[in-house]
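Student: I'd like to ask you about the structure that follows.
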Amino acid sequence: MDLCVTIKGVSFLLQAGLGILANVLVLLAYVHIMLTDAQLQPVDSILCHLAFADLLLLLTRCVPQTMTVFGMKNLLDDSGCKVVIYAYRIARALSVCITCMLSVFQAVTVAPAAGPLLSSLKIRLPRLVVPTFAALWFINMAVCIAAPFFSVAPRNGTVPPFTLNLGFCHVDFRDNLSYVINGVAVSVRDFAFVGVMLGSSAYILVLLHQHGRKVRGIRRSQGATMETRAAKTVVMLVVLYAVFFGIDNVIWIYMLTVPQVPPVVADMRVFFSSCYASLSPFLIISSNKKVKARMVCATSSDQVRQAEDSKDSKAVKN
């Protein structure tokens with residue numbers, strides 16, 4: 009195994025391993041919050057759903073990619089490829105949709121109630137979270153339904169033109185028209201959601217700036233502090249997504265211009281398109297006091313248990 013392959017394999021392994029671990033920890037923290045507090049706040053529900061979508065993305069994209077880089081062959085047959093690619097497409101779509109939903113929700117939450125329509129929307133907003141989740145799942149499952157029809161297990165020999173070589177699977181579009189239509193449709197959908205989330209985040213930043221000027225020299229209430237912290241977290245998540253989305257789409261546009269995509273270019277796109285899924289849970293952990301408190305509590309409990317076990321073992325020896 010040469011140095012280039014080793015570096016690539018280690019990079020994918022670290023990305024997949026750390027990202028999966030962090031997303032699982034976020035999900036476990038929210039499960040604990042739900043069990044102890046009986047109900048998740050709307051923003052917490054959205055963040056929990058985002059962690060699940062990112063976890064699914066890493067499991068269906070980074071894990072098989074890592075195994076392929078380290079030389080494992082024939083991981084999936086045609087049916088396996090169809091299931092994995094379909095799940096990956098849904099997870100990727102949900103990641104951008106839920107991040108957009110999070111930014112819009114937070115923008116409406118922090119917006120001043122300027123009229124009866126916005127006031128009514130603020131009241132009904134928490135009840136719209138679950139129906140929105142259901143709608144996003146249904147819409148993305150319907151939109152991504154074509155992906156399995158183009159997904160096949162790798163064949164021996166050369167890769168046909170207009171085929172995305174994922175290593176563990178091939179997505180064979182068979183002709184240039186299907187290849188370009190698929191690429192343009194995915195890009196238009198993603199750019200629309202990213203545009204909405206960037207607009208919402210810009211609005212949040214304007215409101216935070218105005219709020220900062222108003223409360224300068226005035227003692228802030230606890231509720232305002234929590235609301236501001238949540239808004240800043242949302243903005244950071246959107247910025248993080250926008251950065252990697254930009255890199256991903258620069259590579260994707262290049263891939264649409266060539267009939268045969270070099271493997272190194274496909275690997276770069278996989279890595280950068282998965283960075284948000286592996287880094288966003290760390291941002292949630294570092295900025296969300298509820299999640300951090302559950303992790304600190306779990307760590308403290310483990311330390312107490314270890315200390316008690318150590319005392320018991322010493323007592324037995326004596």
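Taking the working numbering, the leading residue of the sequence shown gets 9, the next gets one more, and so forth.
Ideal Cβ placement from N, Cα and C applies to all residues, glycine included.
1. Any idea which residues DSSP pairs L172 with across the strands?
2. Give the secondary structure of V160 by DSSP, where H, G and I count as helix, E and B as strand, and everything else as coil.
3. So, at 7 Å on beta carbons, what are the nonlocal neighbours of H337 in its own chain, with the 5 sequence-adjacent residues on each side left out?
4. Taking only runs that begin and end inside the stretch 35-92, name each unbroken alpha helix (DSSP H) of 4 or more residues, in chain order.
5. Quick one: what does DSSP say V104 is sitting in, helix, strand or coil?
6. Find the nearest neighbour of V251 within the set P156, Y94, V104 and Q218, judged by alpha-carbon distance.
7. Does the beta-carbon of V92 have 16 or more other beta-carbons within 10 angstroms, so that it is buried, or is it exposed?
8. Three-state secondary structure (DSSP) at G231?
9. Three or more C-beta pairs closer than 8 Å, one from the stretch 19-30 and one from the stretch 271-287: is that the case here?
10. Are V116 and L133 close, meaning C-beta to C-beta below 8 Å?
11. Per DSSP, what kind of secondary structure is Q268 in: helix, strand or coil?
12. My assumption, with CB atoms under 8 Å, is that V77 sits in contact with K16. Please give the rounded CB distance.
13. Please decide whether G88 counts as near chain B, where near means a Cβ-Cβ distance under 8 Å.
14. Starting from A154, trace the alpha helix (DSSP H) both ways and give me its first and last residue.
15. Using the C-alpha atoms, what's the distance from L65 back to R100?
16. Can you tell me which of the three DSSP states N31 falls into?
17. I'd like the list of long-range same chain contacts for A30, defined as Cβ closer than 8 Å, with 5 residues on each side in sequence excluded.
18. In angstroms, rounded to a whole number, what distance separates the CA positions of L215 and T44?
19. So, is G175 buried or exposed, given that buried needs 16 or more other C-beta atoms within 10 angstroms?
20. Below 8 Å on the Cβ atoms is my contact criterion, and I expect I54 with F113 to pass it. Report the Cβ-Cβ distance as a whole number of Å.
21. Which residue marks the beginning of the alpha helix (DSSP H) containing P124, and which one marks its end?
22. Is L102 near the ligand ZN, going by C-beta to nearest heavy atom under 7 Å?
23. Would you grab the beta carbon distance between V269 and M263 for me? Rounded to a whole angstrom, and I think it's under 8 Å.
24. Where does N190 fall in DSSP's three states?
25. What is the rounded straight-line gap between the Cα of C177 and the Cα of L185?
26. Out of curiosity, what's the CA-to-CA distance linking L84 and S128?
27. Enumerate in chain order the residues of its own chain whose CB-to-CB distance from D62 is below 8 Å, with the five nearest sequence positions on each side excluded.
28. Would DSSP call D10 helix, strand or coil?
29. With DSSP as the reference, label A95 as helix, strand or coil.
30. Contact between the stretch 240-251 and the stretch 201-209: three or more CB pairs below 8 Å?
Tutor: Let me spell this out:
1. Your numbering for residue 172 matches position 164 in the sequence shown. DSSP output for L172 lists V179 as bridge partner(s).
2. Here the question's residue 160 lines up with position 152 in the sequence shown. Three-state result, V160: strand.
3. The requested residue 337 is not part of the displayed model; the chain covers only 9 to 326.
4. 50-65 and 71-77
5. Mapped onto the sequence shown, residue 104 falls at position 96. V104 falls in the helix class under three-state DSSP.
6. Position 243 of the sequence shown holds residue 251. For V251, the nearest C-alpha among the options comes from V104.
7. As a position in the sequence shown, residue 92 is number 84, starting the count at 1. Flag for V92 reads buried.
8. As a first step, residue 231 must be located in the sequence shown, where it is residue number 223. In this prediction, G231 has a pLDDT of 46, which is less than 50 and means its spatial position is unreliable; nothing more can be read from the coordinates.
9. yes
10. Against the sequence shown, residue 116 aligns to sequence position 108. Against the sequence shown, residue 133 aligns to sequence position 125. For V116 and L133, yes; Cβs fall inside 8 Å.
11. In the sequence shown, residue 268 corresponds to position 260, counting from 1. DSSP places Q268 in coil when its eight states are reduced to three.
12. Here residue 77 corresponds to residue number 69 of the sequence shown, with the count starting at 1. Here residue 16 corresponds to residue number 8 of the sequence shown, with the count starting at 1. Between K16 and V77 the Cβ distance is about 5 Å, and since that is below 8 Å, they are a contact.
13. The structure shown has no chain B; it contains just one protein chain.
14. In the sequence shown, the residue the question calls residue 154 occupies position 146. Where A154 is concerned, there is no enclosing alpha helix (DSSP H), given that its DSSP letter is neither H nor E.
15. As a working note, residue 100 is residue 92 in the sequence shown. As a working note, residue 65 is residue 57 in the sequence shown. Distance between the alpha carbons of R100 and L65 is about 6 Å.
16. What you label residue 31 is simply residue 23 of the sequence shown in a count that begins at 1. If DSSP states are grouped into helix, strand and coil, N31 belongs with the helices.
17. Numbered from its first residue, the sequence shown carries residue 30 at position 22. Closer than 8 Å at Cβ, skipping near neighbours: S286, P289, F290 and I293.
18. Translated into positions along the sequence shown, residue 215 becomes position 207. Translated into positions along the sequence shown, residue 44 becomes position 36. When rounded, the distance between both Cα atoms is 33 Å.
19. Reading the sequence shown from its first residue, position 167 is the one you call residue 175. With 16 or more other Cβ atoms within 10 Å, it is buried.
20. Position 46 of the sequence shown, counted from the first residue, corresponds to residue 54. Position 105 of the sequence shown, counted from the first residue, corresponds to residue 113. Indeed they touch by this definition, with Cβ atoms about 6 Å apart.
21. Taking the sequence shown and counting its residues from 1, the one referred to as residue 124 is at position 116. Start and end: P124 to R132.
22. Here there are no bound small molecules, and the ligand ZN is not part of this structure.
23. Reading the sequence shown from its first residue, position 261 is the one you call residue 269. Reading the sequence shown from its first residue, position 255 is the one you call residue 263. Contact holds; Cβ gap of about 5 Å.
24. For the purposes of this step, residue 190 is identified with residue 182 of the sequence shown, where counting begins at 1. DSSP places N190 in helix when its eight states are reduced to three.
25. Numbered from its first residue, the sequence shown carries residue 177 at position 169. Numbered from its first residue, the sequence shown carries residue 185 at position 177. Each residue's Cα considered, the two are about 21 Å apart.
26. Position 76 of the sequence shown, counting from 1, holds the residue named residue 84. Position 120 of the sequence shown, counting from 1, holds the residue named residue 128. Roughly 50 Å between the two C-alpha positions.
27. Residue mapping note: residue 62 aligns to position 54 of the sequence shown, counting from 1. So the list reads G27, N31, A99, S103, Y284, A285, S286, S288 and P289, once near-sequence residues are dropped.
28. The residue given as residue 10 occupies position 2 in the sequence shown. In the structure shown, D10 sits in coil (DSSP, three-state: anything other than H, G, I, E or B).
29. Taking the first residue of the sequence shown as 1, we reach residue 95 at position 87. Helix at A95.
30. yes
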